[in-house]
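Undergrad:
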Amino acid sequence: QFTPSSLLRTGQLSNVDLNEDVRELETELPRPYPNEIPHNEKLLSLKYESLDYDNSENQLFLEEERRINHAAFRTVEIKRWVICAMIGILTGLVACFIDIVVENLAGLKYRVVKDNIDKFTEKGGLSFSLLLWATLNASVVMVGSVIVAFIEPVAAGSGIPQIKCYLNGVKIPHVVRLKTLVIKVCGVILSVVGGLAVGKEGPMIHSGAVIAAGISQGRSTSLKRDFKIFEYFRRDTEKRDFVSAGAAAGVSAAFGAPVGGVLFSLEEGASFWNQFLTWRIFFASMISTFTLNSVLSVYHGNAWDLSSPGLINFGRFDNEKMGYTIQEIPIFIFMGVVGGILGALFNALNYWLTMFRIRYIHRPCLQVIEAMLVAAVTAAVGFVMIYCSRDCQPIQGSTVAYPLQLFCADGEYNSMATAFFNTPEKSVVNLFHDPPGSYNPMTLGMFTLMYFFLACWTYGLTVSAGVFIPSLLIGAAWGRLFGISLSYLTKGSIWADPGKYALMGAAAQLGGIVRMTLSLTVIMMEATGNVTYGFPIMLVLMTAKIVGDYFVEGLYDMHIQLQSVPFLHWEAPVTSHSLTAREVMSTPVTCLRRIERVGTVVDILSDTSSNHNGFPVVESNPNSTQVAGLRGLILRSQLIVLLKHKVFVERANLSLVQRRLKLKDFRDAYPRFPPIQSIHVSQDERECMIDLSEFMNPSPYTVPQEASLPRVFKLFRALGLRHLVVVDNRNEVVGMVTRKDLARYRLGKEGLEELSLAQT
Numbered sequence: 001q002f003t004p005s006s007l008l009r010t011g012q013l014s015n016v017d018l019n020e021d022v023r024e025l026e027t028e029l030p031r032p033y034p035n036e037i038p039h040n041e042k043l044l045s046l047k048y049e050s051l052d053y054d055n056s057e058n059q060l061f062l063e064e065e066r067r068i069n070h071a072a073f074r075t076v077e078i079k080r081w082v083i084c085a086m087i088g089i090l091t092g093l094v095a096c097f098i099d100i101v102v103e104n105l106a107g108l109k110y111r112v113v114k115d116n117i118d119k120f121t122e123k124g125g126l127s128f129s130l131l132l133w134a135t136l137n138a139s140v141v142m143v144g145s146v147i148v149a150f151i152e153p154v155a156a157g158s159g160i161p162q163i164k165c166y167l168n169g170v171k172i173p174h175v176v177r178l179k180t181l182v183i184k185v186c187g188v189i190l191s192v193v194g195g196l197a198v199g200k201e202g203p204m205i206h207s208g209a210v211i212a213a214g215i216s217q218g219r220s221t222s223l224k225r226d227f228k229i230f231e232y233f234r235r236d237t238e239k240r241d242f243v244s245a246g247a248a249a250g251v252s253a254a255f256g257a258p259v260g261g262v263l264f265s266l267e268e269g270a271s272f273w274n275q276f277l278t279w280r281i282f283f284a285s286m287i288s289t290f291t292l293n294s295v296l297s298v299y300h301g302n303a304w305d306l307s308s309p310g311l312i313n314f315g316r317f318d319n320e321k322m323g324y325t326i327q328e329i330p331i332f333i334f335m336g337v338v339g340g341i342l343g344a345l346f347n348a349l350n351y352w353l354t355m356f357r358i359r360y361i362h363r364p365c366l367q368v369i370e371a372m373l374v375a376a377v378t379a380a381v382g383f384v385m386i387y388c389s390r391d392c393q394p395i396q397g398s399t400v401a402y403p404l405q406l407f408c409a410d411g412e413y414n415s416m417a418t419a420f421f422n423t424p425e426k427s428v429v430n431l432f433h434d435p436p437g438s439y440n441p442m443t444l445g446m447f448t449l450m451y452f453f454l455a456c457w458t459y460g461l462t463v464s465a466g467v468f469i470p471s472l473l474i475g476a477a478w479g480r481l482f483g484i485s486l487s488y489l490t491k492g493s494i495w496a497d498p499g500k501y502a503l504m505g506a507a508a509q510l511g512g513i514v515r516m517t518l519s520l521t522v523i524m525m526e527a528t529g530n531v532t533y534g535f536p537i538m539l540v541l542m543t544a545k546i547v548g549d550y551f552v553e554g555l556y557d558m559h560i561q562l563q564s565v566p567f568l569h570w571e572a573p574v575t576s577h578s579l580t581a582r583e584v585m586s587t588p589v590t591c592l593r594r595i596e597r598v599g600t601v602v603d604i605l606s607d608t609s610s611n612h613n614g615f616p617v618v619e620s621n622p623n624s625t626q627v628a629g630l631r632g633l634i635l636r637s638q639l640i641v642l643l644k645h646k647v648f649v650e651r652a653n654l655s656l657v658q659r660r661l662k663l664k665d666f667r668d669a670y671p672r673f674p675p676i677q678s679i680h681v682s683q684d685e686r687e688c689m690i691d692l693s694e695f696m697n698p699s700p701y702t703v704p705q706e707a708s709l710p711r712v713f714k715l716f717r718a719l720g721l722r723h724l725v726v727v728d729n730r731n732e733v734v735g736m737v738t739r740k741d742l743a744r745y746r747l748g749k750e751g752l753e754e755l756s757l758a759q760t
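Residues 1 to 760, numbered by full-length UniProt numbering, are exactly what the sequence shown covers, in order.
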């Protein structure tokens with residue numbers, strides 16, 4: 001673990017030495033970007049808001065629910081199933097599109113480079129081939145990086161941390177927009193074709209989530225089109241449940257693992273869960289795998305054969321050749337330990353690199369340059385490795401897509417080229433299934449070493465790309481190496497088949513990097529189509545997780561923490577019983593009276609120093625001296641809609657019948673409520689009164705101020721709240737607990753530590 005303080009210190013020292021003279025020149029020019037953005041991971045950012053998962057049960061809502069009869073509820077339920085089917089179909093189609101385009105473009109690129117290399121091998125001048133390969137890579141990646149950096153930065157990376165946060169209840173800006181989906185899909189195609197050490201599986205999960213969020217709303221705010229369908233689902237509660245279905249459909253399209261998709265949603269994402277939801281999510285996953293199969297089978301020309309599931313198919317493992325015996329169990333556990341240590345190393349390096357990136361490489365143009373540099377370096381490393389390798393294998397009987405001959409004899413090909421000169425998915429399948437003896441141990445060792453650093457450098461670039469396949473590839477390479485050395489030691493006895501160890505190594509490496517247990521076991525089992533290995537894979541993953549967690553947390557959790565997201569884990573920190581709600585809550589609370597002056601409301605909402613999103617409503621008795629008890633809670637978004645529709649009454653005559661707002665008015669404004677600055681209130685209107693009683697939620701959740709932190713946390717987390725009002729014994733409001741107040745407390749190395757909040 002690197003302590004951030006020492007990191008900051010070294011950063012500042014080097015900065016002072018280099019930039020002394022530059023600084024003096026730059027003081028005259030006002031610069032929008034500082035040279036170094038001081039980033040401290042011990043902060044929580046205030047720019048992230050919570051989702052309103054909990055319905056506001058105001059009078060409008062209750063009236064609408066009472067109007068709906070039993071038959072109408074049934075149509076709502078049918079609509080939910082229809083939406084899930086549509087999510088599955090569309091996610092499958094997007095996966096097909098990505099797969100087919102990548103296959104064709106990558107095939108074209110590799111054919112061009114292969115012809116070039118073959119031409120220059122005979123007459124000398126191979127440096128031209130290297131230049132061609134590096135230029136092709138860098139230019140393709142440049143396009144992919146430019147669209148991400150300049151158009152939609154949220155589409156960078158695999159998108160799994162962002163979706164994880166969204167399902168946890170954090171509203172990350174732009175994460176489920178249509179624009180993000182388009183950039184994500186184009187970006188992932190370009191980065192895989194550009195030969196970076198990335199996979200196209202992670203982004204599928206993000207794409208599925210965006211598709212789900214879009215379909216379930218029945219309109220597109222980006223395209224300004226409203227289809228007037230599914231209006232009942234325009235609120236965070238419903239949208240979030242559909243997003244978990246979309247994420248599951250994405251996993252099942254990527255790996256051909258419907259059950260794995262459901263379990264992924266359950267393990268990584270959704271904080272709230274019920275039986276109906278599980279069944280609908282499973283339905284969406286199945287439909288998505290089925291769509292992918294049907295379309296790909298038509299594309300490959302055998303129209304009615306549905307047996308090629310998933311973007312990545314690890315191929316079938318034969319049971320006869322691939323059995324395992326009791327004495328191999330300790331070997332598998334040892335592989336899990338190795339995977340955990342290597343995964344922790346990967347995460348620590350990536351952490352350090354990401355901190356550097358946040359501080360210094362924060363301008364879009366620098367990010368694009370870095371991505372091009374990585375692409376060119378990847379090509380150069382691959383070329384040099386292939387050039388220096390003297391590992392030749394006979395071409396007969398091998399299934400290499402682009403065999404490079406280089407300096408091998410006729411009828412032979414260079415086996416290093418099967419690893420580097422290919423898309424990563426194909427390389428993984430080759431490592432699993434090539435017969436024993438296809439690879440030289442030296443080749444595998446060098447490949448593992450190089451690819452480890454390349455993949456680590458690539459994750460976190462400003463391109464959209466997943467980390468699943470590179471980690472599987474690293475693991476498969478060292479696993480195969482392990483298997484080969486075992487069969488050397490045991491004089492080639494039958495059970496040491498390298499393919500089996502490649503599979504275990506892949507599982508160990510992936511488990512050590514992302515630390516998922518349940519869903520990964522099932523995904524690996526479904527992707528290999530083999531239940532025999534369920535137990536060893538589970539053992540390997542558990543060991544890798546336990547060992548890795550001892551050193552550093554998982555990659556996704558680490559990136560969530562680096563982005564300072566107020567993420568709530570399953571339980572409160574273990575040692576937090578000593579804290580009570582009084583110490584945790586935010587004070588003072590801005591309260592509104594039940595019948596309030598419009599001017600007061602506008603001033604409170606326009607006050608930039610307190611950007612609260614929920615306001616307790618208290619009783620307004622102007623004549624009595626008694627203290628105001630809590631009457632309800634109203635949200636900023638609801639107040640804005642009220643002001644926009646000018647639901648005011650003049651002071652004198654409070655009995656005036658105002659235009660009744662419907663729930664539809666609130667739903668039409670969702671999800672992008674206008675900012676308060678865009679709403680104009682005249683001086684006369686400021687003197688009017690506004691009656692909040694039918695719009696506020698009259699039954700907000702409250703806790704007494706003596707409640708302990710774990711109790712508050714459980715209530716908050718299990719109900720998916722956004723605001724929890726703290727009251728004293730006379731039911732007066734004393735404070736408010738929001739997500740940031742709970743996420744501040746984290747277990748550090750020394751015990752309970754408290755993070756500070758920052759306006760970033």
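Where a beta carbon is used, it is the ideal one built from N, C-alpha and C, also for glycine.
#1: Would you mind stating whether Leu715 and Tyr701 have Cβ atoms separated by less than 9 Å?
#2: Determine the contact status of Asn350 and Leu90, defining contact as a CB-CB distance below 9 Å.
#3: Applying the criterion that 16 or more other CB atoms from any shown protein chain within 10 Å of the CB defines a buried residue, is Ser610 buried or exposed?
#4: So which of Tyr232, Arg711, Ala95, Ile160 has the shortest CA-CA distance to Tyr670?
#5: With 16 as the cutoff for other CB atoms within 10 Å, does Val82 come out buried or exposed?
#6: How long is the line joining the alpha carbons of Cys392 and Gly340, rounded to whole angstroms?
#7: Among all the DSSP beta bridges, which residues are the ones paired with Pro394?
#8: Distance check for Ile474 and Ala375, CA to CA, integer angstroms please.
#9: Out of Ser464, Ile513, Val337, Phe317, point me to the one whose CA is closest to Asn430's CA.
#10: Along the alpha helix (DSSP H) that carries Met504, what are the first and last residues, could you check?
#11: Between the beta-carbon of Phe432 and the beta-carbon of Ala502, is there less than 9 Å?
#12: Taking the straight line between their C-alpha atoms, what separation do you get for Leu635 and Met450?
#13: Between which residues of its own chain and Phe453 is the CB-CB distance below 6 Å, once the five residues before and five after are set aside?
#14: By the three-class DSSP mapping on this structure, what secondary structure does Leu223 have?
#15: Going by DSSP, what residue range makes up the beta strand (DSSP E) through Arg597?
#16: Determine the DSSP secondary structure at Tyr324, reduced to helix, strand or coil.
#17: To the nearest angstrom, how far is it from the Cα of Arg66 to the Cα of Leu663?
#18: Determine the DSSP secondary structure at Met736, reduced to helix, strand or coil.
#19: In the DSSP output, what is Pro566 paired with across the bridge?
#20: Spell out a yes or no on whether the segment 51-68 and the segment 250-267 are touching, meaning 3 or more CB-CB pairs, one atom from each, closer than 8 Å.
#21: Mind the definition here: the segment 115-127 touches the segment 342-361 only if three or more C-beta pairs lie below 8 Å; say whether that holds.
#22: So Val617 packs on Gly632, CB below 8 Å; how close in whole Å?
#23: Hey, quick one: how far does the beta strand (DSSP E) through Val725 stretch, first residue to last?
#24: Assess contact between the segment 205-220 and the segment 159-167, defined as three or more Cβ pairs (one per stretch) separated by less than 8 Å. Is contact present?
#25: Can you list, in chain order, the residues of its chain whose CB lies under 7 Å from that of Leu639, leaving out five sequence neighbours each side?
#26: Run the CB neighbour count on Leu654, radius 10 Å, all protein chains shown included, and call it buried at 16 or more, exposed below.
#27: Is the segment 226-246 close to the segment 72-88, with three or more CB pairs under 8 Å?
#28: From Glu28 to Leu757, what does the alpha carbon distance come to, in whole angstroms?
#29: Report yes if the CB atom of Ala344 is closer than 9 Å to the CB atom of Phe551, and no otherwise.
#30: Buried or exposed for Thr738, going by 16 or more other Cβ atoms inside 10 Å?
TA: Short version:
#1: yes
#2: no
#3: exposed
#4: Tyr232
#5: exposed
#6: 33 Å
#7: Glu412
#8: 18 Å
#9: Phe317
#10: 498-514
#11: yes
#12: 53 Å
#13: none
#14: coil
#15: 595-597
#16: coil
#17: 13 Å
#18: strand
#19: Paired residues: none, contrary to the question.
#20: no
#21: no
#22: 4 Å
#23: 724-727
#24: yes
#25: Val601, Leu605
#26: For Leu654, the pLDDT reaches just 49, beneath the cut-off of 50, and the residue's location in the model is therefore unreliable, although a value from the coordinates is still provided. Flag for Leu654 reads exposed.
#27: yes
#28: With a pLDDT of 32 at Glu28, under the threshold of 50, the modelled position of that residue is not reliable, and the figure given next carries that caveat. Approximately 32 Å, taken between the alpha carbons.
#29: yes
#30: buried
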